[in-house]
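Data block below; observations after.
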Amino acid sequence: MNFKRRQNFQPSDKLLVLVGSKNPVKISCTEDAFTRAFNKSFLVEGINAASGVSDQPMGDQETLQGAINRAKNSRDVFPEAHYWVGIEGGLDEDEAGMFAFAWIFILDTTGKTSQSKTGTFYLPTAVSKLVKEGMELGMADDTVFNQENSKQQGGSVGILTHGIVDRNEYYRQAIILALIPFLNENLF
-1 MNFKRRQNFQ PSDKLLVLVG SKNPVKISCT EDAFTRAFNK SFLVEGINAA
49 SGVSDQPMGD QETLQGAINR AKNSRDVFPE AHYWVGIEGG LDEDEAGMFA
99 FAWIFILDTT GKTSQSKTGT FYLPTAVSKL VKEGMELGMA DDTVFNQENS
149 KQQGGSVGIL THGIVDRNEY YRQAIILALI PFLNENLF
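No gaps in the numbering here: position 156 of the sequence shown is 154 in the working numbering, and each next residue is one more.
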């Protein structure tokens, strides 16, 4: 986003949503989710915002903290927006294996916040092994599935569902769920 160009942002313009990532998938799914949820257009831009967590977050706590940090750091850099969105993908393990998920964190100009988590899915052993060796999930997917930059495309979920659920669709639903308090202000 060209911040100098947007310094003269006028209230009559579309509402501005800032995503704490330059990943085109995260920007696209945020725009789609806000448009569907509010039934109107938004200007959605991405910004490189620090997550403050590991490159490959592990567990709910670290992953949620990454989403919170991305949203708040976006607000700190560009407070003129109307909403700030943090999306952070993470991994965890249980007795069935390593699984993936993402946390969404949204805040608005009033200070209201909300969060939601995507569904989870298990990773193949070959991918999990590379992650345990220190590789970030996107790179592990690229290595195992002979892909290039898959995390800015369909991601793990797209690869493993053969495109039935891509990363855009995967995040979109969770973003809409995180918008529930903003859509029902009288209830929250």
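Idealized CB from N, CA, C, for every residue including glycine.
- Collapsing the DSSP output to three states places residue 72 in a helix.
- Its chain contains 155 as the residues whose beta carbon lies nearer than 6 Å to that of residue 163, once the 5 sequence neighbours on both sides are disregarded; these appear in chain order.
- Going by DSSP, residue 14 is part of the beta strand (DSSP E) stretching over 14 to 17.
- In this structure, 66 is the residue among 139, 66, 59, 160 with its C-alpha nearest to the C-alpha of residue 176.
- The beta carbon of residue 73 is closer than 6 Å to those of 82 in its chain, skipping five residues each way along the sequence.
- Here residue 163 is not bridged, per DSSP, to any residue.
- The three-state reading of DSSP puts residue 132 in coil, since its state is none of H, G, I, E or B.
- With a threshold of 16 other beta carbon atoms within 10 Å, residue 135 meets it and is buried.
- Exclusion of the five residues before and after residue 69 leaves 18, 82, 83, 84, 103, 104, 105 as the residues of its chain whose Cβ lies within less than 7 Å of its Cβ.
- In the same chain as residue 111, and ignoring 5 residues on each side of it, the C-beta atoms closer than 6 Å to its own belong to 105, in chain order.
- Annotated as proximal: residue 158 and residue 119, with beta-carbon spacing under 8 Å.
- Our two residues, residue 115 and residue 101, have alpha carbons roughly 5 Å apart in a direct line.
- Residues of the same chain with a CB within less than 8 Å of the CB of residue 142, apart from the 5 flanking positions on each side, are 122, 124, 125, 128 in chain order.
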